[in-house]
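> Can you keep this structure in mind? I'll have questions shortly.
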Amino acid sequence: MKKIVFSTGAGVSAESGITTFRDAGGLWEQYPVMQVASAQGFAADPELVHRFYNMRRHDLMAAKPNEAHLLIADLQKDFDVSVITQNVDDLHERAGSRDVLHLHGELMKLRSITHPDYTETLTPGNLESSPATRGRNGDPMRPHIVFFGEAVPNIEPAMRLAAEADVFVVIGTSLNVYPAAGLMECVRPGTPIYYIDPCPARTPPLPDLHVMPMKATEGMRLLAAQLRSEA
Ligand code: APR
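Convert by adding 39 to the 1-based position in the sequence shown; the result is the number in the numbering used here.
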């Protein structure tokens, strides 16, 4: 079965109403990124950072998977599909994708500050956290987010997935943030790469790269049909 590996960014959730980071009106225009999404910012004002992620969880509850998420999940019927995402939302999972690897953390999870491997999943009825939040094990808890300045522990498995891909699909990312942005250079030579984004960022001169300058839903409709016709 052909292995299709997706690498998605905020743009795949844009049509679900989730604000991207660097588009006009994006999250980083509204909030000082180093105060709300960096290790230093969390150390300086944990209350502000908890409030920022509480707000984003409430926004996420109002969102649902869009057709791009659903088409990616639907491809699992005919292909071996893995999704690597920079996104912290759970829209890929809610669309039915079973193999999702989060590079920058998960909004609906908290993790222990003292035992970072210990996480707890929040629910729609219990969305908020604060510096006073304790885990069931009594540990102080923090958003399970990779802040700027912190390591990206899942990048090794992500690079292995890219190297296994028969087809690599990048959707909705400005390719600003490494190491995620470098994944398309981990594919085997000759692997077709598709980059779906209405305003695609500059990319390295990769011979098998096909840029599709369009929205995620439109690009996925075309690509899903093409992949099935080639199968
Ligand atoms: N469909 C597809 N792509 C879209 C759409 C859409 N409907 N709307 C916008 N885009 C594209 C934009 O053109 C842009 O290239 O989505 C991309 C969003 O870029 P960013 O806002 O920079 O988001 P992303 O690349 O995911 O950011 C990476 O930066 O702040 C950190 O941790 C954060 O994971 C995030 C990382």
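The beta carbon of each residue, even a glycine, is placed where N, CA and C say it ideally should be.
#1: If you compare alpha carbons, which of Met223, Ile210, Thr162 and Pro155 is closest to Pro190?
#2: Given Leu161, which residues of its chain have a CB within under 6 Å of its CB, disregarding the five upstream and five downstream residues?
#3: How close, in whole Å, do the beta carbons of Val72 and Val88 come, if the pair is a contact with beta carbons under 8 Å?
#4: Taking the CB atoms as reference points, tell me whether Leu130 and Ser46 lie closer together than 8 Å.
#5: Between the C-alpha atoms of Gly65 and Ile210, what's the straight-line distance to the nearest angstrom?
#6: Are there 16 or more other CB atoms within 10 angstroms of the CB of Ala201, so buried, or fewer, so exposed?
#7: Spell out the partners DSSP gives Asn165 in its beta bridges.
#8: What does DSSP give as the partner residue(s) for Pro182 in the beta ladder?
#9: Here's the rule: buried if 16 or more other CB atoms are within 10 angstroms of the residue's CB, otherwise exposed. What is Thr153?
#10: When the Cα of Pro179 is compared with those of Leu166, Ser151 and Pro163, which residue comes out closest?
#11: Less than 8 Å between the CB atoms is what I'm expecting for Pro237 and Lys254, so what's the real figure, rounded?
#12: Are the CB atoms of Pro239 and Pro252 within a distance shorter than 8 Å?
#13: What three-state label does DSSP hand Thr242 in the structure shown?
#14: Shorter than 7 Å, the distance from the beta carbon of Thr212 to the closest heavy atom of the ligand APR, or not?
#15: Rounding to the nearest angstrom, what Cα-Cα distance links Gly48 and Phe186 in this structure?
#16: Touching or not, the segment 258–267 and the segment 99–116, by the rule of three or more beta carbon pairs under 8 Å?
#17: To which residues does DSSP link Met251 through a beta bridge?
#18: Taking 8 Å as the cut-off, decide whether the C-beta atoms of Asp247 and Ile235 are in contact.
#19: Following the continuous beta strand (DSSP E) through His141, name the residue where it begins and the one where it ends.
#20: Taking the beta carbon of His97 as the centre, do at least 16 other beta carbons fall within 10 Å, making it buried, or is it exposed?
#21: Alpha carbon to alpha carbon, how far is Val208 from Ala220? Give it in angstroms, no decimals.
#22: Confirm, please, whether the CB-CB distance from Asp205 to Ile43 is below 8 Å.
Put simply:
#1: The question names Pro, yet the displayed sequence has Ala at residue 190. That would be Pro155, whose Cα lies nearest to the Cα of Ala190.
#2: Met147
#3: The pair is not a contact, with the Cβ atoms about 11 Å apart (cut-off 8 Å).
#4: no
#5: 17 Å
#6: buried
#7: Thr162
#8: Leu149
#9: exposed
#10: Ser151
#11: 5 Å
#12: yes
#13: coil
#14: yes
#15: 16 Å
#16: yes
#17: Ile235
#18: no
#19: Val139 to His141
#20: exposed
#21: 12 Å
#22: yes
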